[in-house]
């Protein structure tokens with residue numbers, strides 16, 4: 005009685021993209037562990053991870069245990085270059101350099117509109133559901149000095165286009181213009197990832213203990 009599919013010319017489509025995204029997540033949720041683990045590993049290792057943002061949001065709700073065990077924890081471990089079991093015992097300061105190395109490969113896209121307002125988009129290899137642009141510490145930095153330096157040609161950037169220009173974060177760090185701000189963001193990112201890893205490990209442990217306790221009853 006609920007119409008989720010409508011006819012569009014010769015094609016049938018979901019009434020909204022979110023319906024398609026939910027069923028993609030539901031498909032993964034209903035796969036056995038051995039297949040789900042491979043799917044999560046594939047999604048979290050792809051360079052186009054952002055394309056799965058909405059599906060991962062659904063999976064975080066409907067397949068929380070496996071989402072964290074097979075997706076989030078291995079991704080954090082890989083991102084920081086540290087074993088999963090060691091994550092609760094490491095300090096953010098110890099991982100700041102590792103995060104900075106990751107950050108260097110990203111870039112900041114800058115554009116100044118007709119109203120003279122500077123807009124920015126930060127693109128890095130982040131875990132999709134952990135660092136939205138609106139909450140990433142890198143996104144809150146004032147990049148005006150970088151924009152001015154790029155326009156003046158004192159630091160390297162992409163050629164100016166009508167849509168703006170981009171500057172590699174590695175270039176920004178080498179320029180020393182915002183090294184303190186970006187280093188501080190790296191420390192905050194390391195701290196956030198460690199805290200998330202601890203939360204995931206604690207919840208996974210509780211889930212597995214519950215499964216062990218229920219096994220005799222199910223048998």
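Residue numbers (the working numbering): 5 to 223.
Glycine included, each C-beta is placed from N, C-alpha and C at the ideal position.
Values in this document were obtained by computation on a predicted structure and should not be read as measured data.
Given residue i as reference, the closest of the options once Cα atoms are compared
i           : options          : result
residue 78  : 62, 55, 117, 45  : 45
residue 48  : 162, 216, 9, 70  : 70
residue 91  : 215, 53, 62, 205 : 205
residue 124 : 168, 61, 31, 162 : 168
residue 159 : 141, 73, 93, 182 : 182
residue 100 : 76, 200, 6, 192  : 192
Terminal residues of the beta strand (DSSP E) in which residue i lies
i           : result
residue 112 : 111 to 116
residue 18  : 15 to 18
residue 63  : Where residue 63 is concerned, there is no enclosing beta strand (DSSP E), although the alpha helix (DSSP H) it sits in stretches over 57 to 66.
Under the three-state DSSP convention, the category residue i falls into
i           : result
residue 24  : helix
residue 46  : helix
residue 9   : strand
residue 125 : strand
residue 193 : helix
residue 178 : helix
residue 119 : coil
residue 37  : helix
residue 104 : helix
residue 199 : helix
residue 142 : coil
residue 30  : helix
Cβ neighbours of residue i in the same chain (closer than 8 Å, five flanking residues each side left out)
i          : result
residue 22 : 58
residue 87 : 81
Sequence-distant residues of its chain with Cβ nearer than 7 Å to residue i (five each side left out)
i           : result
residue 24  : 18
residue 127 : 110, 111, 113
Beta-bridge pairing of residue i - partner residues as DSSP gives them
i           : result
residue 172 : 111
Opening and closing residue of the alpha helix (DSSP H) in which residue i lies
i           : result
residue 162 : That residue, residue 162, is in no alpha helix (DSSP H); it is neither H nor E in DSSP.
residue 92  : From DSSP, residue 92 is part of no alpha helix (DSSP H); its letter is neither H nor E.
residue 81  : 77 to 84
Contact set for residue i: own chain, Cβ-Cβ below 6 Å, skip 5 residues either direction
i           : result
residue 228 : The question about residue 228 has no answer, for the chain in this structure spans 5 to 223.
residue 41  : 74
residue 30  : none
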